[in-house]
Amino acid sequence: MADADLIHLPEPIPDSVRIDPTGGIRFSPNELRDLRVTSGRSMTELFQDGDDADRMQAMAWLELRRRGHRVTWDAAGDVAVELVTPTPDPTTGDSSTSSQPSADSGASPLPK
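One gets my numbering by counting positions in the sequence shown from 1 and adding 1 to each.
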């Protein structure tokens, strides 16, 4: 049997998805249109007018869609959303604080 003859089944829908809330949720205009058709409400209605469950369900649906799953609205409601913030990479030199950089020594003259 050639590879073209094989039946490729979709991957099962995961029990949970991990989302970085600081990184934002990515979506395309077509995904937003599909979200409206699937849920019966716009993203604005889900995120601003909806409750916490609506927002989590919309995030799960969008993340699953991004991963290639064609999931129903009801099925997305059964997927746990884990909000995670990635650990900063210490090798990049990025500071985890928002403090001002140190003053440059000798940059300003001493008062007389």
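Just so you know, even glycine gets a beta-carbon here, dropped at the ideal spot from N, CA and C.
DSSP-derived helix/strand/coil call for residue i
i            : result
valine 148   : Here the chain covers residues 2 to 113 and nothing more, so residue 148 does not appear.
glutamate 12 : coil
leucine 65   : helix
leucine 84   : strand
threonine 73 : coil
proline 91   : helix
aspartate 79 : coil
Run of the alpha helix (DSSP H) containing residue i, from where it starts to where it stops
i            : result
aspartate 21 : Here aspartate 21 belongs to no alpha helix (DSSP H), and DSSP marks it neither H nor E.
Separation of residue j from residue i, as counted between CA atoms
i            : j            : result
glycine 41   : threonine 93 : 44 Å
glutamine 58 : leucine 7    : 34 Å
serine 29    : arginine 67  : 9 Å
alanine 76   : arginine 56  : 15 Å
Range covered by the beta strand (DSSP E) that runs through residue i
i            : result
glutamate 46 : Careful: glutamate 46 lies outside any beta strand (DSSP E) and carries neither H nor E.
### Query
Within the chosen definition, does the segment 74 to 83 reach the segment 10 to 19 through at least 3 CB pairs nearer than 8 Å?
Touching, yes, given that three or more Cβ pairs across the two stretches are closer than 8 Å.
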